[in-house]
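A short write-up of the structure that comes next.
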Amino acid sequence: MNSKRRMLLLVSVLLSLLTAKHYLRNHLTEEPQLSTWFRPKKRLDVTTTTDWLAPILWEGTFSTQALDKYYQRRNITVGLAVFASGRFADKYLELFLQSANKYFMPGHRVVFYIMTDSHLRQPNMALRPLCTFQMLLMEEETWWSDIDLVRMKVLGEHIVAHILQEADFLFSMAANLVFQDDFGVETLGTSVAQLHGWWYFRNTKNYPYERRSRSAAYIPFGQGDFFYGGSIVGGTPQKILDLIREYLRGVIHDLEKGLNSTFERYLNKFFFLNKPAKLLSPEYGWDSTFNVPPQVHYVKVALHPERRG
């Protein structure tokens, strides 16, 4: 069996497993009325609301005090999943976790889901109150050539196995990020997308969508809303699982047609068809090699300065 057929078979089997029925716990994921915490008119220099009336979070547009009280009464748990294998574990993970321990969802219960191989030991660091680690060991799967496919495969398996029962909200993030300011409850929503820091300030006609019409990730010229980055994706565990399922379906579709696209393009197709409930501005995912534009008041999350090394 050649590698293409083997990958197609294994992705198909995984999709079947993730599509099986499962039991959900009763998540309390309702969000308070926008008027109680969102102040879009405070930032007239940027777009703060989408055409489908979803908030775009910029510094100054939200009140975390009102949201903190709301979610503390509901005793929520927020999961943060990070994939760390090989050089990503050695180079990025410690700083990612140290900064997340300080800035991610302060004052709320957090579970750090560290998806890793057998070579990584549990980080030796003191967690703040209400935070815990879970080391999610994965098999050595050297036949996978796409790191994003591995990441989504492992995350999907663990969502079905236990995360659906443990977390009210879940974020999946790349290990080469560093938190620099509070990433708080203002970011919680049923589905959360990250505006790509580079492409947000570019001509929408040039967004690098998948333009091959035979691909499952295809978005025609003249269509599309924003270009979303793949480093941060959030929402309820069920919504993340829905994304993973559609991503795998897209991969299967394209493999059968002899095509191959990127996770980020499948992600953009998913959010094109399934509009996100909340969008994070480039302040939540800035590339430190670029000059900071005046619209970015505070860089809350930045790419690791040595990520290109």
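Going by mature numbering (1 follows the signal peptide of the UniProt record, and there is no 0), the letters in the sequence shown line up with residues -20 to -1, 1 to 289, in that order.
Ideal Cβ positions, reconstructed from N, Cα and C, are used throughout, including at glycine.
Distance between beta carbons of residue j and residue i, contact taken as under 8 Å
i	j	result
F149	G202	Contact doesn't hold; Cβ gap of about 34 Å is too wide.
N156	L77	Going by Cβ atoms, the distance from N156 to L77 rounds to 13 Å, so no, they are not a contact pair.
A257	T170	5 Å
T41	P20	6 Å
For residue i, the nearest candidate out of the options (CA to CA)
i	options	result
residue 303	K22, F151 and E137	Because residue 303 is not part of the residues shown, which for the chain are -20 to 289, the question remains open.
H277	T30, L37 and A173	L37
I139	H233, V279, D161 and K219	K219
R245	K280, E74, G230 and A197	A197
T269	L73, K280 and P285	P285
E39	S(-5), D161, P188 and Y187	D161
S(-5)	Y264, P35, I232 and L116	I232
residue 299	L239, N248, F243 and L247	Outside the displayed range of the chain (-20 to 289) lies residue 299, so it cannot be described from this structure.
Q13	T30, A34 and V26	A34
Y264	D31, T30 and A80	A80
M105	K82, T30 and W32	K82
Contact set for residue i: own chain, Cβ-Cβ below 8 Å, skip 5 residues either direction
i	result
Q114	V91, F92, Y93 and I94
K237	R194 and S195
A147	T57, V58, G59, V91 and P217
L110	G87, H88, R89 and V90
M118	S65, M95, T96, D97, V130 and V134
T112	V90, V91 and F92
P103	L73, E74, L77, I94 and F113
Residues near residue i by beta carbon distance below 7 Å, same chain, minus five either side
i	result
P273	F181
F84	L60, V90, F159 and F163
P262	L175, G177, Y180 and V276
S241	E190, S195, A197 and D234
K22	G40 and T41
Residue environment, residue i, which counts as buried when at least 16 other CB atoms sit within 10 Å
i	result
L24	exposed
N271	exposed
M131	The sequence given here has Arg at residue 131, not Met. Buried, since its Cβ has 16 or more Cβ neighbours within 10 Å.
R192	exposed
L107	exposed
K280	buried
E141	With the sequence shown as reference, residue 141 is identified as Ala, and Glu is not the correct amino acid for it. It is exposed - the Cβ of A141 has fewer than 16 other Cβ atoms within 10 Å.
T122	Any reading at T122 needs caution, since the residue's pLDDT is 49, under 50, leaving its predicted position unreliable; the model's value is listed next. Exposed: under 16 other Cβ atoms inside 10 Å.
N55	exposed
T28	buried
P200	exposed
N186	exposed
L247	buried
Y72	buried
Residues near residue i by beta carbon distance below 6 Å, same chain, minus five either side
i	result
V213	S152
A46	T16 and W17
A173	Y208, F251, P256 and L259
D267	G177 and L283
A154	S211
L75	V158
Chain B within 8 Å of residue i, Cβ atoms only
i	result
T27	Annotation note: the requested chain B is absent from the structure, which comprises a single protein chain.
Near the ligand ZN: residue i beta-carbon under 7 Å from a heavy atom
i	result
L260	Of ligands this structure carries none, so the ligand ZN is not represented either.
If you pair each beta-carbon of the region 188 to 207 with each one of the region 236 to 254, do three or more pairs fall below 8 Å?
With a cut-off of 8 Å, the region 236 to 254 and the region 188 to 207 count as touching, because enough Cβ pairs lie within range.
Three-pair Cβ contact test at 8 Å for the region 43 to 63 versus the region 162 to 179
Yes, they touch.
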